[in-house]
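Trainee:
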Amino acid sequence: MSTEREQQIITNLTKVRQEVEELKGSNTARLVAVSKYMPAEDIEYATKTGQTHFGENYLPSSIDWHFIGHLQSNKCKTVAGIPNLFLVETIDGIKKADALNKACTAVGRQGRLKVYVQVNTSGEEAKSGVPASDALDVCKHIKENCPALELYGLMTIGMKGRDATHNPDFEKIVELRTEIKSKLELDVFEASFGMSSDFKEALLDGSNNIRVGTAIFGGRPPKA
Ligand SMILES: *Cc1c(COP(=O)(O)O)cnc(C)c1O
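First residue of the sequence shown: -5, per this note's numbering; consecutive thereafter.
In structure tokens form, the structure reads like this:
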């Protein structure tokens, strides 16, 4: 028997997915359902619609996980040991990349772990991520010196309340994607941007990976 909650999540997810299909054009755009702080049943409901990519700040148990929280050096081993980890979206410097690379080797991880370099496109002090001017160097370092990692793209959170149709954070990350993909001669190099409030504009701007929480799962309970 399906509960009201289940129906709600399925309805929301179906709607978001239709919007993604309509707006992505010829681009590839992955929908990451941000399930942080939500109970396990919610994730189960979402998987019933075929959703396989989920984003968490905390340490999860299964599915195609995207780690989107701040990655602390002393947590790299734990993160590297999660078998179903699909992608770590929050590499915020050379040291962090080295730590995760080392951790992957230490835990004997199979295959290379996909990573995005998080870029602080808005230059806000409180935001994690490398400055836009360092993004190329960090990417180059990963490509050349971190064999356990697969450099897969860039990620930005961006400033709240930006003009959605001319969002400077989106413009910056797209510009960096083009530049770095070409300079490092990468076959695949994605850009992860867009959340509940602006994922439609992000898709129109060419996002490859949108991270949508509230629009699927509703408001979040306060962090414990
Ligand atoms: C929580 C979170 C999201 C989802 O935000 P919504 O506005 O609820 O869609 C996306 N990205 C990151 C990094 C987050 O921490």
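Virtual Cβ for every residue (Gly too), placed ideally from N, Cα, C.
The structure presented is a predicted model; accordingly, all values stated were derived computationally and were not measured.
(1) Confirm the yes/no value for this check: CB of N51, any heavy atom of ligand 1, distance under 8 angstroms.
(2) Assess, as a yes-or-no matter, whether the stretch 147 to 158 is touched by the stretch 168 to 186 under the definition of 3 or more beta carbon pairs within less than 8 angstroms.
(3) Can you give the Cα-Cα distance for L197 and H60, rounded to whole angstroms?
(4) Would the C-beta of T115 count as close to ligand 1, meaning under 8 angstroms from any of its heavy atoms?
(5) When you measure from the CB of A120 to every non-hydrogen atom of ligand 1, does any distance come out below 8 angstroms?
(6) Let me know if G212 comes out buried or exposed under the rule of 16 or more other beta-carbons within 10 Å of its beta-carbon.
(7) With hydrogens ignored, establish whether the beta-carbon of M153 is closer than 8 angstroms to any heavy atom of ligand 1.
(8) Label P54 either buried or exposed according to how many other C-beta atoms from any shown protein chain fall within 10 Å of its C-beta, with 16 as the threshold for buried.
(9) So, with DSSP's three-state summary, where would you put K108?
(10) Rounded to whole angstroms, what is the Cα-Cα separation between E119 and G188?
(11) If contacts are defined as beta-carbon pairs under 8 angstroms, then I210 and A40 qualify, I think. What distance do you get, rounded to the angstrom?
(12) Give the C-beta separation of N203 and R(-1) to the nearest angstrom, bearing in mind that I take them to be a contact with Cβ-Cβ under 8 angstroms.
(13) Which of the three DSSP states is assigned to L25 in this structure?
(14) Quick check: is any heavy atom of ligand 1 less than 8 angstroms from the C-beta of A209?
(15) Does N68 pass the burial test, meaning 16 or more other C-beta atoms within 10 Å, or should it be called exposed?
(16) Which value, in whole angstroms, describes the spacing of the CA atoms of E13 and K42?
Mentor: Quick look at the numbers:
(1) Within the sequence shown, numbered from 1, the residue matching residue 51 stands at position 57. The answer is yes for N51.
(2) yes
(3) Locating residue 197 in the sequence shown gives position 203, counting from the first residue. Locating residue 60 in the sequence shown gives position 66, counting from the first residue. Taking the straight line from one Cα to the other gives about 19 angstroms.
(4) In the sequence shown, residue 115 corresponds to position 121, counting from 1. It does not: the Cβ of T115 is nowhere closer than 8 angstroms to a heavy atom of ligand 1.
(5) Along the sequence shown, one-based indexing puts residue 120 at 126. Result no, Cβ not under 8 angstroms from ligand 1.
(6) Working through the sequence shown from its first residue, we reach residue 212 at position 218. G212 comes out exposed.
(7) For the purposes of this step, residue 153 is identified with residue 159 of the sequence shown, where counting begins at 1. No.
(8) Numbered from 1 along the sequence shown, position 60 holds the residue referred to as residue 54. Confidence at P54 is low in this model, with a pLDDT of 49, below 50, so the placement of that residue should be treated as unreliable; the coordinate-derived value is given next. Classification of P54: buried, given that the 10 Å Cβ count is 16 or more.
(9) Taking the sequence shown and counting its residues from 1, one reaches residue 108 at position 114. Note: K108 maps to strand in three-state DSSP.
(10) The residue given as residue 119 occupies position 125 in the sequence shown. The residue given as residue 188 occupies position 194 in the sequence shown. Computed Cα separation, rounded: 20 angstroms.
(11) Taking the first residue of the sequence shown as position 1, residue 210 is located at position 216. Taking the first residue of the sequence shown as position 1, residue 40 is located at position 46. So it is a contact: roughly 7 angstroms between Cβ atoms.
(12) For the purposes of this step, residue 203 is identified with residue 209 of the sequence shown, where counting begins at 1. For the purposes of this step, residue -1 is identified with residue 5 of the sequence shown, where counting begins at 1. Actually they do not touch by this definition, with Cβ atoms about 26 angstroms apart.
(13) For the purposes of this step, residue 25 is taken as residue 31 along the sequence shown, with counting starting at 1. DSSP places L25 in strand when its eight states are reduced to three.
(14) The sequence position of residue 209 within the sequence shown is 215, counting from 1. Flag set: Cβ of A209 near ligand 1.
(15) As a first step, residue 68 is located in the sequence shown; it is residue number 74 there, counting from the start. The residue in question, N68, is exposed, as its Cβ has fewer than 16 Cβ neighbours within 10 Å.
(16) Residue numbering aside, residue 13 sits at position 19 when the sequence shown is read from its first letter. Residue numbering aside, residue 42 sits at position 48 when the sequence shown is read from its first letter. Straight-line Cα distance between these residues: approximately 19 angstroms.
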